[in-house]
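Adding 602 to a residue's 1-based position in the first sequence gives its number in our numbering.
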Amino acid sequence: MRSEYPEKNKRKLCESSLLKRKRIMGHGNQIIGEDADAIHLPNPMIGFRTLADLCQIHRSLPEAATGPPYFYYENVASTPKGVWSTISRFLYDMKPEFVDSKFFCAAARKKGYVHNLPIKNRFPLVPLPPQTIFGAFPMTRRWWPTWDDRTKLNCLQTCIASATITERIMKALKDYDEDEIPPESVCRYVLYECRKWNLVWVGKKKVAPLEPDEVEMLLGFPRDHTRGISRTDRYKSLGNSFQIDAVAYDPLVLKDRFPNGINVLSLFSGIGGAEIALYRLGIPMKNVVSVEILEVSRNVMRCWWEQTNQRGNLYHLADVQDFNADRLEHYISSFGGFELVIGGSTCNNLVSSNRHHRDGLKGKESSLFYDYFRILDLVKGIMARYN
DNA sequence: GAAAGGATGATCGATCAT
DNA sequence: ATGATCGATCATCCTTTC
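Printed below as a string of structure tokens:
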């Protein structure tokens, strides 16, 4: 059992290291020294919950971070050193909230969120999705060996295991009876591959990767949300998206605040995770300006928008880099501003699974974070003028 | 061409052993 | 305290198949 103390100590550590960073920062916001950008990931990764929700305390926001608009930014928790402190510095010195979706569903997904939403009185979406592998896939229980102790899946990625991997596993197990525990080296090998590729037991000594519709379910999307596009694109777009239940935990507070609905600026929308979260929370969307570079993903979201008979307007744009002040002025003057700016920028150059270009925020795709900031800051500026 | 298959380490933190 | 080991990870690139 872990006491409360380590968590608090970590917070203090985190705060003091931020202070240290500020002291060390030279002119022009250049950071000098290694210790400067240390943001520690919490363990367990349950965000501000222990302190805020249970104790009902209220966090104070830096002046520059307060809305309007509300904003919600997401990216992967584990990044090269210094990335989260840079993100935090740009986003008005707000401390990221790190949350693992395994506290909301049967699959892990460790993410960091920077947002200025109130953190009191947050509640999970009901009904809760299955919290364990057996809950999500009851049929696997029949085949699950006792020596595989997994109860949750790891992060759902953009690719699945090839047939050669699952066949190698089957071959490694073929000499052992079903009720026999194989030698330790065999178990280690099989478990290593199962964890790495998120394999589940679908037959006697047989493992398989998840199907696209199973990934949809784990991530909280409607069944067959991504049907109609290639299997490869389904895995890719799902692997790049939100876990709906983990995200929907946060904007519930908007429901009471804006009973008539909100205007949403959704950047890096993908297949519409943010919109689905708001929809499931029962927050009407009056106008959604959605920016997404991939046509397949835009089509998936538009399809969902039409099928669910959304009453609001959906405006789709392709490239965040083309989104300038004139365009924003146009939208803001035509429907009076955005209540929420939401999005998770591309993580390609941040994640460990990228062997070739893990270049941090300098990377070709991940540097689009700066466009998130640029656009958010433009919205703040324009809305301040209107008010 | 589009879709699928298959091979390809490194980083960073947590945990363990010394 | 300090080093060894373990464990997880919103992927890319080239080839093959259709």
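Backbone N, C-alpha and C fix where the C-beta goes; we use that ideal spot for every residue, glycine too.
Beta-carbon gap between residue i and residue j smaller than 9 Å
i	j	result
V809	T753	no
L880	I864	yes
I984	I934	yes
A774	Y791	yes
S954	F971	no
M696	V716	yes
G822	A850	yes
I885	W906	no
C796	D826	no
A920	V893	yes
P785	V981	no
T668	N718	yes
V678	K704	no
F937	D973	no
M887	Q912	yes
P1046	I771	It is not possible to answer for residue 1046, since the shown part of the chain is limited to 603 through 989.
L643	S680	yes
Straight-line Cα distance separating residue j from residue i
i	j	result
F673	T760	27 Å
D928	A765	51 Å
V817	N989	43 Å
A876	K807	39 Å
I977	L916	18 Å
E941	R859	10 Å
G962	Y778	45 Å
S868	R904	13 Å
S969	N951	9 Å
I895	C789	43 Å
V898	T688	32 Å
S605	D702	Unreliable placement is indicated for S605, whose pLDDT of 29 sits below 50; no coordinate value is reported for it.
I721	H959	36 Å
L801	A640	34 Å
R957	P824	32 Å
D835	R829	10 Å
M647	K683	18 Å
A666	D979	10 Å
R882	K857	11 Å
H918	G939	17 Å
S690	P664	12 Å
W745	V685	42 Å
G714	L755	19 Å
K622	G965	With a pLDDT of 31 at K622, under the threshold of 50, the modelled position of that residue is not reliable, and the figure given next carries that caveat. Taking the straight line joining both Cα atoms gives about 27 Å.
H660	E931	33 Å
S662	R900	37 Å
E997	N862	There is simply no residue 997 to check, as the chain begins at 603 and stops at 989 in what is shown.
A986	I831	42 Å
F975	C949	15 Å
G914	N645	40 Å
S787	K776	14 Å
Assumed close pair residue i, residue j - CB separation to whole angstroms, cut-off 8 Å
i	j	result
V890	V922	Not quite, the Cβ-Cβ distance comes to about 15 Å (not below 8 Å), so this is no contact.
F1017	E699	Given a span of 603 to 989 for the chain in the structure shown, any question on residue 1017 remains unanswerable.
T742	W803	5 Å
D852	P726	With a Cβ gap of about 11 Å, D852 and P726 do not count as contacting.
L758	L820	6 Å
F998	E676	An answer regarding residue 998 cannot be provided, because it is not within the stretch 603 to 989 covered by the chain.
R833	P814	6 Å
Tell me, please, whether the region 838 to 845 touches the region 867 to 884 by the rule of three or more beta-carbon pairs shorter than 8 Å. yes
Say whether the region 708 to 721 touches the region 733 to 744, bearing in mind that this needs 3 or more beta-carbon pairs closer than 8 Å, one atom from each stretch. yes
For the region 689 to 736, list the beta strand (DSSP E) runs that are entirely contained and at least 3 residues long, ordered along the chain. 699 to 702 and 712 to 717
Unbroken beta strand (DSSP E) runs of length 3 or more, entirely within the region 762 to 809: which are they? 802 to 805
Alpha helix (DSSP H) runs contained entirely in the region 896 to 932, provided each spans 4 or more residues: 897 to 909
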